[in-house]
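Take the sequence shown: its letter number 47 is residue 47 in full-length UniProt numbering, and every next letter is one higher. Quick reminder that beta carbons are idealized off the backbone N, C-alpha and C, glycines included. From a predicted model like this one, the values you see are computed outputs, not experimental measurements. Structure record follows, encoded as structure tokens.
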Amino acid sequence: MAKEVYREGMLRKNITINSDDFYIVDRFAKKIGISFSELVRKAAVNYVKEQEELDLSAFLRAHCSTVPEDEEYEIVEAMKNKDKKDKGKEIKIEDLL
């Protein structure tokens with residue numbers, strides 16, 4: 001197994017992890033011949049890429065809780081008064097962040 005070399009532009013970060021989770025990840029990293037850090041780095045980058053590829057609806061379902069009933073009522077009432085000629089506009093998650 002090759003020793004990891006820190007290159008220009010690389011940062012070192014500390015994480016807090018439950019010992020059971022650490023051993024699961026560490027054993028798997030050793031099994032596939034990479035360091036714990038490399039496995040965590042790859043997994044994190046892949047997770048971010050997957051999340052950023054979700055459309056807005058899927059992203060909101062995955063990361064936002066449902067609206068409480070009283071708020072839903074307010075939204076439904078507001079929708080009743082919506083201008084039917086207003087077609088609205090498509091927004092991207094970046095527009096909200």
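Distance check for E71 and K85, CA to CA, integer angstroms please.
For the purposes of this step, residue 85 is taken as the residue at position 85 of the sequence shown. For the purposes of this step, residue 71 is taken as the residue at position 71 of the sequence shown. Roughly 25 Å separates the two Cα atoms.
If contacts are defined as beta-carbon pairs under 8 Å, then D56 and K87 qualify, I think. What distance do you get, rounded to the angstrom?
Position 56 of the sequence shown, counting from 1, holds the residue named residue 56. Position 87 of the sequence shown, counting from 1, holds the residue named residue 87. One point to set straight first is that residue 56 is Leu, not Asp, in the sequence displayed. That belief does not hold up - the Cβ atoms of L56 and K87 are roughly 17 Å apart, past 8 Å.
Drop a sphere of 10 angstroms on the beta-carbon of A62, count the other beta-carbons inside from all chains shown, and report buried for 16 or more, exposed for fewer.
By 1-based counting over the sequence shown, the position of residue 62 is 62. The residue is exposed, with fewer than 16 neighbouring Cβ atoms inside 10 Å.
Can you tell me where the alpha helix (DSSP H) holding residue 115 begins and where it ends?
Residue 115 is absent from the model: the chain starts at 1 and stops at 97.
Just how far apart, CA to CA, sit L60 and M79?
The residue given as residue 60 occupies position 60 in the sequence shown. The residue given as residue 79 occupies position 79 in the sequence shown. Rounded to the nearest angstrom, the two C-alpha atoms are 20 Å apart.
When you compare only the Cα positions, how much space is there between K82 and P68?
Taking the first residue of the sequence shown as 1, we reach residue 82 at position 82. Taking the first residue of the sequence shown as 1, we reach residue 68 at position 68. Between K82 and P68, the C-alpha separation is close to 21 Å.
Can you check whether the CB of I32 is closer than 9 Å to the CB of V25?
Sequence index remark: in the sequence shown, residue 25 carries index 25 (1-based). Sequence index remark: in the sequence shown, residue 32 carries index 32 (1-based). No, they are not a contact pair.
Do you know whose CA, among S65, M10, K49, D95, lies nearest E38's CA?
Here residue 38 refers to the residue found at position 38 when the sequence shown is read from its first residue. Nearest C-alpha to E38: M10.
How long is the line joining the alpha carbons of E77 and D21, rounded to whole angstroms?
Walking along the sequence shown from the start, residue 77 turns up at place 77. Walking along the sequence shown from the start, residue 21 turns up at place 21. In a straight line, the C-alpha of E77 is about 47 Å away from that of D21.
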